[in-house]
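For reference, the structure discussed in these notes is given below.
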Amino acid sequence: MEAGLRADLTDRPQTGIVHLGLGAFFRAFGCVFIEDAMAASGGDWGIVGVSLRSPDTRDALRGHDWGYTSVTLAPEGEQTRWITVLNDVLVAPEDPEAVLSAMAKREVRIVTLTVTEKGYCHNPATGALNVDHPDIQHDLIHDVPVSAIGFLVRALQRRRAAGAAPFTVLTCDNLPENGRLLRRLVLDFARRLDPALADWIESECKFPCTMVDRITPATTEADIARVAELTGRSDPAPVMHEPFAQWVIEDDFVGGARPDFAAAGVEMVRDVTAHEHMKLRMLNGTHSALAYTGYLAGHETIADTVADPVFAAYVRRLWSEIMPAVQAPEGVSLTEYADALFHRYANPGIRHRTWQIAMDGSQKLPQRILGSLTANLSAGRDCPALCLAVAAWMRYVGGVDEKGQAIDVRDPLMVQLRAASESADAPEGKVAALLAMRDVFPAELAEQLAQPVTEAAALIWAKGTRAAIEEGAR
Ligand code: CS2
968 MEAGLRADLT
978 DRPQTGIVHL
988 GLGAFFRAFG
998 CVFIEDAMAA
1008 SGGDWGIVGV
1018 SLRSPDTRDA
1028 LRGHDWGYTS
1038 VTLAPEGEQT
1048 RWITVLNDVL
1058 VAPEDPEAVL
1068 SAMAKREVRI
1078 VTLTVTEKGY
1088 CHNPATGALN
1098 VDHPDIQHDL
1108 IHDVPVSAIG
1118 FLVRALQRRR
1128 AAGAAPFTVL
1138 TCDNLPENGR
1148 LLRRLVLDFA
1158 RRLDPALADW
1168 IESECKFPCT
1178 MVDRITPATT
1188 EADIARVAEL
1198 TGRSDPAPVM
1208 HEPFAQWVIE
1218 DDFVGGARPD
1228 FAAAGVEMVR
1238 DVTAHEHMKL
1248 RMLNGTHSAL
1258 AYTGYLAGHE
1268 TIADTVADPV
1278 FAAYVRRLWS
1288 EIMPAVQAPE
1298 GVSLTEYADA
1308 LFHRYANPGI
1318 RHRTWQIAMD
1328 GSQKLPQRIL
1338 GSLTANLSAG
1348 RDCPALCLAV
1358 AAWMRYVGGV
1368 DEKGQAIDVR
1378 DPLMVQLRAA
1388 SESADAPEGK
1398 VAALLAMRDV
1408 FPAELAEQLA
1418 QPVTEAAALI
1428 WAKGTRAAIE
1438 EGAR
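Using the numbering used here, read the sequence shown as starting at 968 and increasing by one per residue.
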């Protein structure tokens, strides 16, 4: 390691934030904004990152004292920056006690989270805590937790016992009204443990909602080699991301304690719902639709998918169906937003694999696609392109692609999805069995979707996804 990098370690700001779920996204996004906020306005908002599962990120970051390269991938070339906002990285399964004591420290005023949709241990269709989830069952009877919800509640319990103020819980996952959702889950869990603790969290703790946006594909070996070439430094843990970044946060923090986010370009608002719905439905909704259809048509990345004219027309069609189901945030034109998204998707520097985005569909579909469908179908508007996306997801979770090759389907409900898919031979039987999964489809919506999704599935199974789009949803 170069002397210059080590020298600045002691000058780093003190820790004010613990982050749960330290993946590439938060390192490419939140860490950069928070470092900028401190550069502009000071404050001790250094971050202790926590990996809830594997030690890989910690092991990769350790060699450079938690510093790493953030790489902006613009169509005209790459730009690198060395990020030093992390003060430590903990691995929860190795030392959960260290995580709890970090979260219980008085200087820690914010706990941020990116634990992905499935990390919330909830029912994606209803938003309720899944008390049958093995991690929740474990955490309700053991003091030392394994789930994010368990860590939050146990750490808050310690703070209360020590007479300290709670921290602000700042979720940065792509869930609808993410702060309010997490608040409900935390309160439900806490109430089962200790009603007085739940009352205290309810009155003292804050859970602002956020909208987060920066496309950050998983880092590959080729990226690591490229970064060494660009910087002359070997960094096993760089993050690769697009130039665009947007963070909108409800300005509601315990004691008002937070970094000067606005100085870093974060939009601080009273209510983030409109931004959140727009982003989840227009960006993540089309991302998922392109992931299933693009993957089935043999496209490796989103950029490859939208370079195919059939899919370029398909994504425009999707936006025209989604826009009537979205209320534009003040001052935002949805048409311009869609145009900008198209350019972001087409960025050839971003190799965002369709397979990566296709992961965990059972947890993503409700807020990304089914919300738009519910709004449209109830208003009598047909949605052939969105229904085709649902049918493509059903084809995808069957686990065999259009060439007869196995698909590596990753989903917490994989066993149930596979069983539903295999319960019938014909597409209409598969569709019926999958629509009957109440963790994903509410009963009323399942009924409305039966006919259009069955029709789209029949086309996909008979002709292949690309031809089905050309025929049914262009
Ligand atoms: C993507 C998101 O992997 C996925 O499911 O849709 O990670 C997406 O890239 C981000 O939300 C963009 O902000």
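Don't be surprised by glycine CBs; every beta carbon is placed ideally from N, CA and C.
Taking one beta carbon from each stretch, the stretch 1291–1299 and the stretch 1053–1060 have fewer than 3 pairs nearer than 8 Å; the two do not touch.
Restricting attention to alpha helix (DSSP H) runs no shorter than 4 residues, the stretch 1291–1316 encloses them at 1301–1313, ordered along the chain. Taking the CA atoms as reference points, residue 1075 sits about 47 Å from residue 1367.
Of all alpha-carbon atoms in 1036, 1431, 1046, the one lying nearest the alpha-carbon of residue 1202 is that of 1036.
It is roughly 30 Å from the alpha-carbon of residue 1265 to the alpha-carbon of residue 1405.
With contacts defined as CB atoms closer than 8 Å, residue 1354 and residue 1420 qualify as a contacting pair.
For residue 1362, the secondary structure class from DSSP, reduced to helix, strand or coil, is helix. Around the Cβ of residue 1081, a 10 Å sphere holds 16 or more other Cβ atoms; the residue is buried.
The beta carbon of residue 1417 sits closer than 8 Å to the beta carbons of 1398, 1399, 1402 from its chain, once the five residues preceding and following it are set aside; these are given in chain order. Under the rule that a run must span 4 or more residues, the alpha helix (DSSP H) segments found entirely inside the stretch 993–1045 read 997–1008, 1023–1029. For residue 1375, the secondary structure class from DSSP, reduced to helix, strand or coil, is coil.
In the three-state reduction of the DSSP assignment, residue 1190 falls in the helix class, which pools H, G and I. Taking 7 Å as the cut-off, the C-beta of residue 1266 does not count as close to any heavy atom of the ligand CS2. Listed in chain order, the alpha helix (DSSP H) runs fully inside the stretch 1147–1208 are 1162–1171, 1188–1198, counting runs of at least 4 residues. Within the same chain, 1394, 1395 come within 8 Å of residue 1425 by CB-CB distance, once the 5 residues on both sides are set aside. Membership of residue 1236 in the beta strand (DSSP E) is indicated by the continuous run 1234–1236. At least one heavy atom of the ligand CS2 lies less than 7 Å from the C-beta of residue 1324.
When secondary structure is reduced to three states using DSSP, residue 981 falls in the coil class, being assigned neither helix nor strand. Apart from sequence neighbours up to five positions away, the residues of its chain that approach residue 1256 with a beta-carbon distance below 6 Å are 1285, 1356, ordered along the chain.
The bridge partners DSSP lists for residue 1320 are 1268. Shown here, residue 1414 sits in a helix according to DSSP, grouped into three states. Residue 1314 has its CB no nearer than 7 Å to any heavy atom of the ligand CS2. Relative to the Cα of residue 1005, the nearest Cα in the group 995, 982, 1106 belongs to 982.
No heavy atom of the ligand CS2 is found nearer than 7 Å to the CB of residue 1242. With fewer than 16 other beta carbons inside 10 angstroms of its own, residue 1108 counts as exposed.
In this structure, the straight-line span from the alpha carbon of residue 1149 to that of residue 1439 is close to 38 Å. Residue 1204 is classed as buried because its beta carbon has at least 16 other beta carbons within 10 Å across all chains shown. Cβ atoms of residue 1086 and residue 988 come within 8 Å of each other, at about 6 Å. One thing to note: residue 1371 has its Cβ no nearer than 8 Å to the Cβ of residue 1321. Relative to the ligand CS2, even the nearest heavy atom lies 7 Å or more away from the CB of residue 1085. For the pair residue 1127 and residue 1167, the CB atoms are nearer than the 8 Å cut-off. Contact annotation: the stretch 1331–1343 does not touch the stretch 1301–1315, with fewer than three C-beta pairs closer than 8 Å. The beta carbon of residue 1178 sits closer than 6 Å to the beta carbons of 1215, 1239, 1242, 1243, 1246 from its chain, once the five residues preceding and following it are set aside; these are given in chain order.
Taking 7 Å as the cut-off, the C-beta of residue 1332 does not count as close to any heavy atom of the ligand CS2. Taken from the Cβ of residue 1181, at least one heavy atom of the ligand CS2 lies inside 7 Å.
DSSP places residue 1081 outside both helix and strand once states are collapsed to three, so it counts as coil.
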